[in-house]
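Right, one structure below, let's go through it.
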Amino acid sequence: MSLPELLALLALGLLVWFWFDSLKAREAGVAAARAACRREGLQFLDESVVGRGLRPVRDEHGRLVLQRAFDFDYSRSGYDRFRGAVVLQGRDVVLLDVGAWRLVQDGLAGPER
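Numbering (this note's numbering), first residue to last: 22 to 134.
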């Protein structure tokens, strides 16, 4: 094999790895959002998350990992819709926000959308 063929094969391998890693991260985001909605007594709408951002960051051990941000929708009654967020570093959840629900529950704010 020539050098260009090896580089193309390496690039293809990296692309396949990134694809599968992104699928695993998305699954972790869905599981975290679903668990948070269940814990708060909310409905997890559409059973999915939407990618919002991707960037390299260092984790608490100093290792370089990908940080992925996802948005998801949830409802308290099925007639309203709120936006939540989940942020993962690698596969670890570092932020999960369903804060608009708490603000509405406490009478401090209206729906986000």
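For every residue, glycine included, the Cβ atom is placed at its ideal position computed from N, Cα and C.
These numbers come from a predicted model, not from an experiment.
Euclidean distance between Cα positions of LEU33 and ARG97: 44 angstroms
Might you give, ordered along the chain, the residues of its own chain that have their beta carbon closer than 7 angstroms to the beta carbon of GLN64, omitting 5 neighbours on each side? CYS58, TYR95, SER96 and GLY99
Can you tell me the Cα-Cα spacing of ALA106 and LEU66, whole angstroms? 13 angstroms
State the start and end residues of the unbroken alpha helix (DSSP H) segment that holds LEU35. 24-61
Leaving out five residues on either side along the sequence, give the residues of the same chain with a beta carbon under 7 angstroms from the beta carbon of VAL86. VAL78, ASP80, GLN110 and GLY111
Going by DSSP, what residue range makes up the beta strand (DSSP E) through VAL115? 113-118
Cβ-based burial, ALA49 [other Cβ within 10 Å; buried from 16]: buried
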